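Residue numbers (the numbering used here): 129 to 565.
See below:
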């Protein structure tokens, strides 16, 4: 059951000291989108937890990272700016929601936990934020698509968002709808519909990723956990999927296909990972994720980076040169691609603490960058030693937790804590999540 935790509120309030006013607090399971002519990465809400299996504080804030100019990654936290809510709209903190980029200036946010006491749903389940106007609008919800979290949504070429999977935010994690739900975005109206006959093979998923391919026709679904109901007892189990087994949804025909990728290794099952299409290619890059430890608790997987080619159906691990910088294994992070730079932002690392750092992976060299160039130029990473002879290999790379930016951000989040504005809003946003989330 989700309950309020006053102890965590007191603990966070005691940390309120000298943190930079515009620096976000550590978090995971947030949503990030690259907007405003690729010059800003917007971050809305998300959750904070010192130990990921304990209480989660839902953070009621909104930021963007200014990447309009070159900068040193270790000092990148100075680029965060807080977005002030407009006076005519009250935003709602939420966690593990669905985020869909609609245009260069707008993003849709749907579901998540909200500030959930196991009784109430969010007032505004689905909203659109217009960054160029700093304006929010509400999309009328529909009973056929109840609020859920750990689901997915993808914008198609015909201006329709396809929603799939996720679990209920009240009670146990069970499916909230069958098939796929769609939201048609027209100039003057938003139209919901439910395709109950468009049912994916296997049980419903949550904690998976959904990524459109280069053609703009096929959506690829990787990882997550199945929600399986025993027909005799009615009891639910939630096994991790086999990662080489994945689903493809054809947005033209609304038909599903189950596929098995070819690979020299078998990737760990995982949830809360990211999958991005590398621009102008047929390659998807998969980063991070959480799998079960020996007693079933979620921990970051050690084989944390793979590529998948949609044409050859080959998935292969990537070996990253050892470096004093880099994100390393983590889950609940976000991943944004700008030109040849993959931003890995926030998330939970091997300490099982949420982070406020970000790192940049060069997609040409698969090495961690020490600086960011708006032109996509590579920096010269210091003290890098290849882990093997080839860039692509069977290893998963080392845990790169010693970066100077991460050290700095950990000092600020663990010692300094929250700004006064965040403390004021956070008092209403503490929940405890059951251990199988």
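Glycine residues also receive a C-beta, built at the ideal position from the N, C-alpha and C atoms.
Since we're looking at a predicted model, the values are computed, not measured.
CB contact flag (residue 243, residue 186, <8 angstroms) = yes
Roughly how many angstroms lie between the CA atoms of residue 179 and residue 381, to the nearest whole one?
-> 44 angstroms
Helix, strand or coil for residue 205, going by three-state DSSP, please let me know.
-> helix
Thinking C-beta only, is residue 184 closer than 8 angstroms to residue 223?
-> yes
Below 8 angstroms CB to CB, which residues in the same chain sit around residue 491 once its five sequence neighbours on both sides are set aside?
-> 406, 413, 465, 468, 469, 470
Three-state secondary structure (DSSP) of residue 225 | coil
Using three-state DSSP, classify residue 321 as helix, strand or coil.
-> strand
For residue 169, the three-state DSSP class (helix, strand or coil) = strand
7 angstroms CB neighbourhood of residue 415 in its chain, flanking five on each side removed = 401, 402, 432, 433, 463, 472
Determine the extent of the beta strand (DSSP E) in which residue 336 is found, giving its start and end residues.
-> Premise fails: residue 336 is in no beta strand (DSSP E) and is neither H nor E.
Per DSSP, residue 443 is paired with what?
-> 436
Residue 214: first and last residue of the uninterrupted beta strand (DSSP E) it sits in = Residue 214 -> no beta strand (DSSP E), and no H or E assigned at all.
Supposed contact pair residue 239 and residue 275 - C-beta distance, whole angstroms, cut 8 angstroms | 5 angstroms
Can you say whether residue 252 is buried or exposed, counting buried as having 16 or more other CB atoms within 10 angstroms of its CB?
-> buried
For residue 536, collect the residues of the same chain with a Cβ closer than 6 angstroms to its Cβ; drop the 5 residues on either side in sequence, then sort them by chain order.
-> With a pLDDT of 37 at residue 536, under the threshold of 50, the modelled position of that residue is not reliable, and the figure given next carries that caveat. Closer than 6 angstroms at Cβ, skipping near neighbours: no residue.
Flag this pair as yes or no: are the beta carbons of residue 225 and residue 151 separated by less than 8 angstroms?
-> no
Is the segment 149-168 touching the segment 189-202 in the sense that three or more CB pairs, one from each, lie closer than 8 angstroms?
-> yes
With DSSP run on the structure shown, which of helix, strand or coil describes residue 452?
-> coil
Name the one or two DSSP bridge partners that residue 174 has.
-> For residue 174, which the question treats as bridged, DSSP gives no partner whatsoever.
Where residue 399 falls: helix, strand or coil (DSSP) | strand
In this structure, what does DSSP give as the bridge partners for residue 210?
-> 191
Are residue 383 and residue 328 close, meaning C-beta to C-beta below 8 angstroms?
-> no
Output yes or no for whether 8 angstroms exceeds the beta carbon distance between residue 295 and residue 355.
-> yes
Measure from the alpha carbon of residue 493 to the alpha carbon of each residue in 483, 505, 485, 484, then state which is nearest.
-> 505
Between the CA atoms of residue 435 and residue 445 - distance to the nearest angstrom | 6 angstroms
For the beta strand (DSSP E) holding residue 257, just list the boundary residues, first then last.
-> 254-258
Would you list the one or two residues that DSSP bridges to residue 153?
-> In the DSSP output, where bridge partners are listed per residue, residue 153 has none listed.
For residue 335, which of 368, 408, 250 has the nearest alpha-carbon?
-> 368
Please go through the same chain and pick out, in chain order, the residues whose beta-carbon is closer than 7 angstroms to the beta-carbon of residue 388, but skip the five residues on each side of it.
-> 372, 373
Look at the alpha carbon of residue 309 and the alpha carbon of residue 394, and state the distance between them as a whole number of angstroms.
-> 32 angstroms
Would residue 79 pass as a contact of residue 502 if the rule is Cβ separation under 8 angstroms?
-> Given a span of 129 to 565 for the chain in the structure shown, any question on residue 79 remains unanswerable.
Do the CB positions of residue 257 and residue 235 come within less than 8 angstroms of each other?
-> yes
Taking C-beta to C-beta, are residue 456 and residue 485 nearer than 8 angstroms?
-> no
Does DSSP classify residue 342 as helix, strand or coil?
-> coil
Which stretch, first to last residue, makes up the beta strand (DSSP E) that contains residue 418?
-> 418-420
Just to confirm, does residue 382 get its C-beta within under 7 angstroms of one of the non-hydrogen atoms of the ligand ZN?
-> Ligands displayed in this structure: none; no statement on the ligand ZN is therefore possible.
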